[in-house]
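Notes follow once the structure below has been shown.
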Amino acid sequence: MTFQDLITALSNYWASKGCLIHQPLDVEIGAGTMHPETFLRVLGSSPWRVAYVQPSRRPADGRFGENPNRLFKHHQFQVLLKPSPDRSQQLFLESLEACGIDCASHDVRFEEDNWESPTLGAWGIGWQVMLDGQEITQFTYFQQAGGQVLSPVSTEITYGLERIAMLLQRVDNVFDIEWAPGVKYGAVRFQEEVEQSKYVFGRVDQPPEDFAAFHRGLFEQYEEFAQTLLKTRLVIPALDYCLKCSHIFNVLDASSGIGVAERTAYILRVRKLAVAIARAYVDDGQVDEADG
Numbered sequence: 001m002t003f004q005d006l007i008t009a010l011s012n013y014w015a016s017k018g019c020l021i022h023q024p025l026d027v028e029i030g031a032g033t034m035h036p037e038t039f040l041r042v043l044g045s046s047p048w049r050v051a052y053v054q055p056s057r058r059p060a061d062g063r064f065g066e067n068p069n070r071l072f073k074h075h076q077f078q079v080l081l082k083p084s085p086d087r088s089q090q091l092f093l094e095s096l097e098a099c100g101i102d103c104a105s106h107d108v109r110f111e112e113d114n115w116e117s118p119t120l121g122a123w124g125i126g127w128q129v130m131l132d133g134q135e136i137t138q139f140t141y142f143q144q145a146g147g148q149v150l151s152p153v154s155t156e157i158t159y160g161l162e163r164i165a166m167l168l169q170r171v172d173n174v175f176d177i178e179w180a181p182g183v184k185y186g187a188v189r190f191q192e193e194v195e196q197s198k199y200v201f202g203r204v205d206q207p208p209e210d211f212a213a214f215h216r217g218l219f220e221q222y223e224e225f226a227q228t229l230l231k232t233r234l235v236i237p238a239l240d241y242c243l244k245c246s247h248i249f250n251v252l253d254a255s256s257g258i259g260v261a262e263r264t265a266y267i268l269r270v271r272k273l274a275v276a277i278a279r280a281y282v283d284d285g286q287v288d289e290a291d292g
């Protein structure tokens, strides 16, 4: 099964279970949870089922294409089931079968791993799903988002597509994954990994202090504009700029552009935006408008 076949199999499976198949968010984000189809849709009481691929940027994991398992950008397949169905774990196991994984022939374990996103003011009770000793999925019962207690609780399933593909194809290097017939993952993404790592880790023609100052300035601008958008009740554009702040924080953190004390302060600033956005989304009745 190729990488793109894996995406198709998961999309078809979850569509058959009533999920809308959405598209990736076109803003730099670190996880599928940050997509408004999860972060905003979990708010309120109306039912919602959605699934989508989300390219997820983790600047600290950039390795110049030299590490077979670590990537600046990887791909998640995100599923949100609201309210959480009674047999959500069974649905997940059936999704693995749909991808060609015979669960009876493999060691599949749910290991307790409660999830938290400090920048989003979000957390949930959950497990990391291990397949033959490799983590392939985060399975979470969402309890809070944007500081809002969630009712009903939603199930969030986040598949690590590269890890699953490596297991299916029995390869030890992510760049050896067959993306499409005759096309390797490395042919699609290797150059991006090299260049993005150079960008984050200071191998550009710019002193480190100038790199940090530039990105601090970007953070300030994005934060200020997000606040301006919130004042005019433009919640979804405000979320875009909140997510840009989160990404710039991750770049600064990975490149040692901020200290330990500053790190906490930056997290709280992003969290403050996320909480304000969630509150505005609920207070303005956008939950009902979006769901109905």
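Sequential numbering from 1 applies to the sequence shown in our numbering.
We treat Cβ as the ideally placed atom computed from N, Cα and C, and that holds for glycine.
A quick note: this is a predicted structure, and the numbers were derived from the prediction, not measured.
**Message:** Using a Cβ-Cβ cutoff of less than 8 Å, which residues in the same chain neighbour residue 85 once the five nearest sequence positions on both sides are dropped?
**Reply:** 91, 155
**Request:** Give the straight-line distance between the Cα atoms of residue 64 and residue 57, rounded to the nearest whole angstrom.
**Result:** 14 Å
**Distance CB(residue 9)-CB(residue 99) smaller than 8 Å** = yes
**Asked** DSSP state of residue 215, grouped into three classes?
**Response** Three-state DSSP puts residue 215 in a helix.
**Asked** Under the three-state reduction of DSSP, which class applies to residue 255: helix, strand or coil?
**Response** coil
**Prompt:** Is residue 101 helix, strand or coil by DSSP?
**Reply:** coil
**Asked** Which full runs of the beta strand (DSSP E) of 3+ residues lie inside the segment 51-90, going along the chain?
**Response** 73-82
**Request:** On the DSSP bridge assignment, give the partners of residue 155 in chain order.
**Result:** 81, 141
**Asked** Under 8 Å, do residue 116 and residue 123 count as touching if we go by C-beta distance?
**Response** Yes, these two residues count as a Cβ contact at 8 Å.
**Nearest candidate by alpha-carbon position, reference residue 207, set 41, 256, 193** = 256
**Asked** Does DSSP put residue 130 in a helix, in a strand, or in coil?
**Response** strand
**Message:** So for residue 32, helix, strand or coil by DSSP?
**Reply:** helix
**Message:** Spatial neighbours of residue 240 within its chain, please: C-beta separation below 6 Å, excluding the five flanking residues on both sides.
**Reply:** 27
**Item:** Beta-bridge partners of residue 110, as assigned by DSSP
**Value:** 129
**Message:** Check for me: the beta strand (DSSP E) holding residue 117 runs from which residue to which?
**Reply:** 115-117
**Asked** Given a threshold of 16 other Cβ atoms within 10 Å of its Cβ, counted over all protein chains shown, does residue 268 qualify as buried or as exposed?
**Response** exposed
**Prompt:** For residue 223, is the classification buried or exposed, using 16 other Cβ atoms within 10 angstroms of its Cβ as the cut-off for buried?
**Reply:** buried
**Message:** Please state whether the Cβ-Cβ distance between residue 42 and residue 17 is less than 8 Å.
**Reply:** no
**Item:** Contacting residues, own chain, Cβ-Cβ under 7 Å from residue 61 (five flanking each side not counted)
**Value:** 70, 71, 72
**Prompt:** Leaving out the 5 sequence neighbours to the left and right, which residues in its chain are closer than 8 Å to residue 152 when beta-carbon positions are compared?
**Reply:** 45, 82, 83, 84
**Asked** Which residue's Cα is closest to the Cα of residue 254: 3, 229, 30, 13?
**Response** 30
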